[in-house]
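Worksheet for the structure shown next.
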Amino acid sequence: AQSVTQLGSHVSVSEGALVLLRCNYSSSVPPYLFWYVQYPNQGLQLLLKYTSAATLVKGINGFEAEFKKSETSFHLTKPSAHMSDAAEYFCAVKGGGYQKVTFGTGTKLQVIP
Amino acid sequence: DGGITQSPKYLFRKEGQNVTLSCEQNLNHDAMYWYRQDPGQGLRLIYYSQIVNDFQKGDIAEGYSVSREKKESFPLTVTSAQKNPTAFYLCASTYVGGGTDTQYFGPGTRLTVL
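Okay, structure coming up:
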């Protein structure tokens with residue numbers, strides 16, 4: 010069985026401040042982990058993915074995430090928030106032998122000017 | 028450009044009607060998926076297909092049906108048996124055997140029951 014927990018359904022940061030979106034996972038096998046971003050009324054866009062090659066993963070738009078096995082975490086960070094970062098972010102895990110992915114419930118990021 | 032298209036973008040259904048949502052991909056992906064998205068609930072898997080002429084139920088298949096007659100197409104029918112169909116529907120696809128099997132998403136269809 011696998012699952013994902015995203016802490017905080019809503020996060021607000023000031024423009025220029027650090028963005029930290031939390032994700033904890035459970036998986037019975039070494040996981041693949043993903044972060045997606047969704048803008049209103051649009052599909053999901055892949056930000057970054059962990060494939061066991063490196064624990065610190067860099068993605069698009071200045072985002073990065075660090076895989077910490079001991080904490081079963083894959084938190085998403087960005088050093089300086091931009092107004093265009095306001096969106097909903099989804100963490101996802103894939104651990105099974107077939108192509109089923111489990112998504113978290115999402116975190117809406119608000120950026121305050 | 029390769030990608031996934033969904034149509035229509037907005038769809039309105041009357042009570043008791045069946046409606047079909049279109050999903051087409053030109054990425055040459057093997058597997059395709061349908062998700063339902065409701066506020067605060069993330070994405071829930073309705074159906075998925077790993078190969079033409081084969082598909083499996085996901086977590087919330089009741090009231091939905093699919094077909095996979097062509098590799099490029101995976102239409103979803105929302106039947107009158109689905110009691111609460113108002114939601115945002117997302118189609119995704121992935122190449123099987125590529126390791127992470129990253130899912131790529133279409134732009135979505137918003138279905139509203141009148």
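Read top to bottom, the protein sequences are chains Z and S. 115 is the number that the numbering used here gives to position 106 of the first sequence; each next residue is one higher, with no gaps. 72 is the number that the numbering used here gives to position 45 of the second sequence; each next residue is one higher, with no gaps. Every residue, glycine too, gets a C-beta built ideally from N, C-alpha and C.
Should G52 (chain Z) be flagged as near chain S, meaning a C-beta pair shorter than 8 Å? For this step, residue 52 (chain Z) is matched to residue 43 along the first sequence. Yes, G52 (chain Z) lies at the interface with chain S (some Cβ there is under 8 Å from its Cβ).
Assuming S21 (chain Z) is part of the beta strand (DSSP E), what are its boundary residues? As a first step, residue 21 (chain Z) must be located in the first sequence, where it is residue number 12. Residues 19-23.
Hey, would you say F83 (chain Z) sits closer than 8 Å to L42 (chain Z), going by beta carbons? What you label residue 83 (chain Z) is simply residue 74 of the first sequence in a count that begins at 1. What you label residue 42 (chain Z) is simply residue 33 of the first sequence in a count that begins at 1. The Cβ atoms of F83 (chain Z) and L42 (chain Z) sit closer than 8 Å to each other.
Please list the partners that L57 (chain Z) has in chain S, where partner means a Cβ-to-Cβ separation under 8 Å. Locating residue 57 (chain Z) in the first sequence gives position 48, where the first residue counts as 1. Near L57 (chain Z) there are no residues of chain S at all, since even the closest Cβ is about 10 Å away, more than 8 Å.
Given this structure, state the Cα-to-Cα distance separating F82 (chain S) from Y122 (chain S), to the nearest angstrom. Here residue 82 (chain S) corresponds to residue number 55 of the second sequence, with the count starting at 1. Here residue 122 (chain S) corresponds to residue number 95 of the second sequence, with the count starting at 1. Roughly 16 Å between the two C-alpha positions.
Using the beta-carbon of each residue, which ones in chain Z are nearer than 9 Å to R137 (chain S)? As a first step, residue 137 (chain S) is located in the second sequence; it is residue number 110 there, counting from the start. Ordered by position in chain Z, the residues that pass the 9 Å Cβ test against R137 (chain S) are N50.
Using a C-beta to C-beta distance shorter than 8 Å, which residues of chain S count as neighbours of K78 (chain Z)? Indexing the first sequence from 1 puts residue 78 (chain Z) at position 69. Contacts between K78 (chain Z) and chain S, judged by CB atoms closer than 8 Å, are missing: the closest CB pair is about 17 Å apart.
At a CB distance below 7 Å, what residues from the region 11-25 of chain Z approach chain S? Give them in sequence order. For the region 11-25 of chain Z, the beta-carbon criterion of a distance under 7 Å to any beta-carbon of chain S is satisfied by S18.
For chain Z, find out if any of its Cβ atoms is closer than 8 Å to the Cβ of G69 (chain S); answer yes or no. Stepping through the second sequence from its first residue, residue 69 (chain S) is reached at position 42. Under the Cβ distance rule, G69 (chain S) counts among the residues neighbouring chain Z, one pair being separated by less than 8 Å.
For T116 (chain Z) and Q52 (chain S), the rounded distance between their alpha carbons: Residue 52 (chain S) sits at position 25 when you count from the first residue of the second sequence. Residue 116 (chain Z) sits at position 107 when you count from the first residue of the first sequence. If you draw a straight line from the Cα of Q52 (chain S) to the Cα of T116 (chain Z), it comes to about 28 Å.
Determine the closest residue to T106 (chain S) out of S:Q130, S:V79, S:N55, S:L138, with distance taken between C-alpha atoms. Numbered from its first residue, the second sequence carries residue 106 (chain S) at position 79. Out of S:Q130, S:V79, S:N55, S:L138, S:L138 has the C-alpha closest to the C-alpha of T106 (chain S).
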